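When the letters of the sequence shown are read in order and numbered with the numbering used here, they come out as residues 10 to 276.
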Amino acid sequence: MSIVTAILCGILYWLAEANLPFVGLWTLQRPLVCGFITGCFLGDPVTGAVVGATINLVYLGFISAGGSMPADMALAGVLGTAYAITGNLDANTALAIAVPLGLLGTIVWYLRMTIDSVFVHMGDKWVAEGKFNKLYLSNVILPQIFSAVICVIPCTLAAYFGADYIQSFIDLCAGKPLQIFQVIGGLMPALGIAITLQYIFKGEARIFLFLGFMIATVSGMSLIEQGILGLIAAVIYIQVTDSKKPAVAAAGAPAGAYDPDYDPDED
Numbered sequence: 010m011s012i013v014t015a016i017l018c019g020i021l022y023w024l025a026e027a028n029l030p031f032v033g034l035w036t037l038q039r040p041l042v043c044g045f046i047t048g049c050f051l052g053d054p055v056t057g058a059v060v061g062a063t064i065n066l067v068y069l070g071f072i073s074a075g076g077s078m079p080a081d082m083a084l085a086g087v088l089g090t091a092y093a094i095t096g097n098l099d100a101n102t103a104l105a106i107a108v109p110l111g112l113l114g115t116i117v118w119y120l121r122m123t124i125d126s127v128f129v130h131m132g133d134k135w136v137a138e139g140k141f142n143k144l145y146l147s148n149v150i151l152p153q154i155f156s157a158v159i160c161v162i163p164c165t166l167a168a169y170f171g172a173d174y175i176q177s178f179i180d181l182c183a184g185k186p187l188q189i190f191q192v193i194g195g196l197m198p199a200l201g202i203a204i205t206l207q208y209i210f211k212g213e214a215r216i217f218l219f220l221g222f223m224i225a226t227v228s229g230m231s232l233i234e235q236g237i238l239g240l241i242a243a244v245i246y247i248q249v250t251d252s253k254k255p256a257v258a259a260a261g262a263p264a265g266a267y268d269p270d271y272d273p274d275e276d
């Protein structure tokens with residue numbers, strides 16, 4: 010891998026984590042997108058998309074609540090795809106390497122969140138002093154400069170030097186050890202599905218899980234048709250449940266609760 014390509018991989022990782030408008034957490038961060046773009050950098054977009062999609066399976070149930078980051082799927086997508094293409098790995102082996110990288114990447118996220126708190130206090134100080142024209146520094150410029158430093162440099166070094174050592178790793182693990190990594194990589198999508206079920210298989214949503222499974226297996230409809238049917242079912246469900254809320258509230262409310270002239274002292 011050339012140094013220019015490695016730098017591009019580092020910039021891609023930064024953009025995926027930068028929270029810039031219209032890019033970042035909801036677009037570039039997904040391993041499928043990162044993998045495809047990384048594949049374009051390396052001249053093999055098809056392999057990049059295939060590897061990225063395989064890595065993405067692990068993060069189907071991914072959720073980041075309250076600023077927490079259980080795994081850095083952007084780093085897993087970028088480096089996992091880069092190593093797969095440069096090391097001529099299959100998707101399952103690349104997946105087994107990418108997942109630990111994603112866990113390691115959480116260090117970057119928490120470091121960023123920790124240091125960014127300094128910029129918040131800096132902005133508070135400028136507000137107290139009436140220097141509102143400086144807020145763009147604490148809100149945008151300084152955080153993004155710091156984010157670029159901790160994202161671009163490590164990812165560039167890992168992509169440039171790591172790719173050179175990946176073939177040595179494959180040679181070392183030739184035979185049974187490599188097969189073990191392939192088996193582990195093949196089991197990773199099952200982990201992603203299990204994580205997804207944690208958020209789907211709850212309460213009233215359970216019946217929709219089975220309904221969707223039955224429709225997908227016996228209806229013969231395409232994914233687009235299934236998606237439209239699911240959207241219609243969701244709209245109907247919302248309409249039915251919302252229509253019952255006023256009646257339930259009125260039935261459970263104390264007498265006079267909805268009467269503006271009601272005076273409890275008169276009872």
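By construction, the Cβ of each residue, glycine as well, lies at the ideal position given by its N, Cα and C atoms. All of these numbers come straight from a predicted model, not from anything done at the bench.
Among the options, the one whose alpha carbon lies nearest that of residue i
i: residue 89; options: 106, 159, 162, 78; result: 106
i: residue 67; options: 248, 96, 251, 103; result: 103
i: residue 282; options: 110, 122, 91, 157; result: With the chain represented from 10 up to 276, any question about residue 282 goes unanswered, as that position is not in the structure.
i: residue 157; options: 14, 29, 13; result: 29
i: residue 55; options: 16, 141, 99; result: 99
Boundaries (first-last residue) of the alpha helix (DSSP H) holding residue i
i: residue 109; result: 100-113
i: residue 26; result: 12-26
i: residue 40; result: 40-50
i: residue 218; result: 215-227
i: residue 92; result: 82-95
i: residue 64; result: 54-65
Straight-line gap, residue i to residue j (C-alpha atoms, nearest Å)
i: residue 136; j: residue 78; result: 30 Å
i: residue 80; j: residue 242; result: 33 Å
i: residue 252; j: residue 245; result: 11 Å
i: residue 190; j: residue 233; result: Only weak support exists for where residue 190 lies, its pLDDT of 49 falling under 50; the value from the coordinates is given anyway. Looking at the two C-alpha atoms, the distance is approximately 35 Å.
i: residue 35; j: residue 82; result: 12 Å
i: residue 59; j: residue 114; result: 22 Å
i: residue 236; j: residue 69; result: 17 Å
Inter-residue CB distance, residue i and residue j (contact presumed, cutoff 8 Å)
i: residue 247; j: residue 238; result: The pair is not a contact, with the Cβ atoms about 15 Å apart (cut-off 8 Å).
i: residue 40; j: residue 86; result: 3 Å
i: residue 57; j: residue 44; result: 5 Å
i: residue 61; j: residue 94; result: About 11 Å; that fails the 8 Å criterion.
i: residue 84; j: residue 110; result: 6 Å
i: residue 165; j: residue 16; result: 5 Å
Q.
Using a Cβ distance threshold of 8 Å, determine whether the stretch 13-24 contacts the stretch 155-171, with at least three qualifying pairs required.
A. Remark: three or more beta-carbon pairs, one from each stretch, lie closer than 8 Å, so the stretch 13-24 and the stretch 155-171 are flagged as touching.
The stretch 121-131 / the stretch 139-159 touching (three or more Cβ pairs under 8 Å)
Yes: the two stretches touch, three or more of their Cβ pairs being nearer than 8 Å.
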